[in-house]
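Visitor: One structure, pasted below without further comment.
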Amino acid sequence: MTFCSKCGGELQENSVYCTKCGLKVGDSMHKRSRWWYLLPILFSIVGGVISYFIVKENDPRLAKNCLILGAILTIIGIAVGVVSAATSAYFWHMGF
Ligand SMILES: [Zn+2]
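With this note's numbering applied, the sequence shown covers 5 to 100.
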């Protein structure tokens, strides 16, 4: 449930204007919610899970995206770690 920042009136989900005072609310809400993507970017799957549970009440789609982003970054991180470990093990084995 979200409320208008100007008059405190209850806002319908995904509404762009407040039905009571006419304040445009859609843009500012959308802009602010994008900051949640920083959590999975900085903390990968841990940040993704945290932002998912915080955001899912207000924005289920954003919550899911954060979770997916965290999972993808974690997979990339593991892949990079495995490749660099394998590469260093290979060079160590070759005597470099
Ligand atoms: Zn209002």
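Even for Gly, the Cβ is constructed at its ideal location relative to N, Cα and C.
1. Give me, in chain order, the residues of the same chain whose beta-carbon lies closer than 6 Å to that of K10; leave out the 5 immediate sequence neighbours on both sides.
2. For the alpha helix (DSSP H) holding M5, just list the boundary residues, first then last.
3. So N69 is in the alpha helix (DSSP H); what residue range does that whole segment cover?
4. Is K68 close to ligand 1? I mean its beta-carbon at under 7 Å from any heavy atom of the ligand.
5. Is K24 close to ligand 1? I mean its beta-carbon at under 7 Å from any heavy atom of the ligand.
6. Tell me whether the beta-carbon of L77 lies closer than 8 Å to the beta-carbon of S48.
7. What does DSSP give as the partner residues of E14 in its beta bridges?
8. Per DSSP, what are the beta-bridge partners of K60 in this structure?
9. Which residue from G12, A83, E14 and V29 puts its Cα closest to that of V20?
Guide: According to the data block:
1. For the purposes of this step, residue 10 is taken as residue 6 along the sequence shown, with counting starting at 1. Closer than 6 Å at the Cβ level, and outside the excluded window around K10, lie C25 and L27.
2. Here the question's residue 5 lines up with position 1 in the sequence shown. Taken as a continuous stretch (DSSP letters only), M5 belongs to no alpha helix (DSSP H), as it is neither H nor E.
3. Within the sequence shown, numbered from 1, the residue matching residue 69 stands at position 65. Counting along the chain, the alpha helix (DSSP H) containing N69 begins and ends at P64 to M98.
4. Within the sequence shown, the letter at position 64 stands for residue 68. It does not: the Cβ of K68 is nowhere closer than 7 Å to a heavy atom of ligand 1.
5. Here residue 24 refers to the residue found at position 20 when the sequence shown is read from its first residue. Because some heavy atom of ligand 1 lies under 7 Å away, the Cβ of K24 counts as near it: yes.
6. Numbered from its first residue, the sequence shown carries residue 77 at position 73. Numbered from its first residue, the sequence shown carries residue 48 at position 44. It is a contact, given that the beta carbons lie within the stated cut-off.
7. For this step, residue 14 is matched to residue 10 along the sequence shown. Paired residues: F7.
8. Locating residue 60 in the sequence shown gives position 56, counting from the first residue. DSSP output for K60 lists no bridge partner at all.
9. Looking up residue 20 in the sequence shown gives position 16. Considering only alpha carbons, the answer is V29.
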